[in-house]
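For the working numbering, add 104 to where a residue sits in the sequence shown, where the first one is 1. For each residue, glycine too, the CB sits at the ideal point set by N, CA and C. These notes concern the structure reproduced below.
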Amino acid sequence: MSRPPANPDQPSSDPDKSDSTGPRVPRLPAAARPADRSRRPRSVVFAAVVVALEATALLAAAVWYAFELFSGAPVLTFWGAVFTLALLLAFSAWLFAVGHFLFRGYRWTRAAALVAQLFVLIIGVPTMTGGLVLQGAAMAIPALAVVVMIFRRDVIAYASQTAGASAAL
Numbered sequence: 105m106s107r108p109p110a111n112p113d114q115p116s117s118d119p120d121k122s123d124s125t126g127p128r129v130p131r132l133p134a135a136a137r138p139a140d141r142s143r144r145p146r147s148v149v150f151a152a153v154v155v156a157l158e159a160t161a162l163l164a165a166a167v168w169y170a171f172e173l174f175s176g177a178p179v180l181t182f183w184g185a186v187f188t189l190a191l192l193l194a195f196s197a198w199l200f201a202v203g204h205f206l207f208r209g210y211r212w213t214r215a216a217a218l219v220a221q222l223f224v225l226i227i228g229v230p231t232m233t234g235g236l237v238l239q240g241a242a243m244a245i246p247a248l249a250v251v252v253m254i255f256r257r258d259v260i261a262y263a264s265q266t267a268g269a270s271a272a273l
């Protein structure tokens, strides 16, 4: 069955065509269309909150470290201690950014959150096995939960925005 010729002066009612003279653009099936970005999955909120809480804990450690450093606590090298303080502050700022942009649905944050959680696990597991079970578990359990959450299907579908796309909110 053939179609009647299209008049280029009239708009096309066919949703599969961009215009009556242009190339045919197929529509995606409903399962392949992007997820509804107006509804944020709870697992994204959970992961973003845990990452933000880790950033807050790291910022608190940096403030405590700075207080000890500038109140005259003995250090091996002063500038080495200042460098360590700068690293603590920079990593805390990075984690705050990861938590914020994970909440907004940017794709790159899943990899950044995974790397941060692996670092937390690298510290938390030896802490647990070294005798500080409560402190180690306080680090390892949330990190494992975030690792599981960022690989959920709804999180992957939600966190698919690239930097050049419009805002996720």
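Could you name the residues of the same chain whose beta carbon sits closer than 6 Å to that of residue i, not counting the 5 residues immediately before and after it, in chain order?
i, result
"ALA148", "According to the sequence shown, residue 148 is Val rather than Ala. Excluding sequence neighbours, VAL148 sits near VAL259 and TYR262."
"THR213", "VAL202, PHE205 and LEU206"
"GLN274", "Nothing about residue 274 can be reported from this structure: the residues present for the chain run from 105 to 273 only."
Under the assumption that residue i contacts residue j (Cβ atoms under 8 Å), give the Cβ distance between them as a whole number of angstroms.
i, j, result
"MET253", "ALA151", "4 Å"
"SER264", "ARG208", "Their Cβ separation, rounded to whole angstroms, is 12 Å, which puts SER264 and ARG208 out of contact at 8 Å."
Residues in its own chain within less than 7 Å of residue i by CB, not counting five upstream and five downstream?
i, result
"LEU162", "LEU192, PHE195, SER196 and LEU199"
"VAL155", "LEU199, VAL202, GLY203, LEU206, ALA217, ALA220 and VAL250"
"ALA165", "LEU192"
"ALA185", "LEU173 and VAL179"
"ALA244", "LEU225, GLY228, VAL229 and MET232"
Give me the residue from the options with the minimum Cα distance to residue i.
i, options, result
"LEU222", "GLU158, ARG146 and PRO145", "GLU158"
"ALA170", "THR160, VAL154, VAL155 and PHE187", "PHE187"
"PHE255", "ALA215, VAL167, PRO246 and THR233", "ALA215"
"LEU248", "TRP183, ALA166 and VAL224", "VAL224"
"PRO246", "VAL153, GLY235, GLY234 and PRO145", "VAL153"
When the cut-off is 9 Å and only beta carbons count, does residue i lie next to chain D?
i, result
"GLY235", "The structure shown contains no chain D, having only a single protein chain."
Sorted by chain position, which residues of the same chain lie with C-beta nearer than 8 Å to residue i's C-beta, five sequence neighbours on each side aside?
i, result
"ALA241", "GLY228 and MET232"
Give the secondary structure of residue i by DSSP, where H, G and I count as helix, E and B as strand, and everything else as coil.
i, result
"ILE254", "helix"
The segment 170-184 in contact with the segment 212-232 per 3-pair CB rule at 8 Å = no
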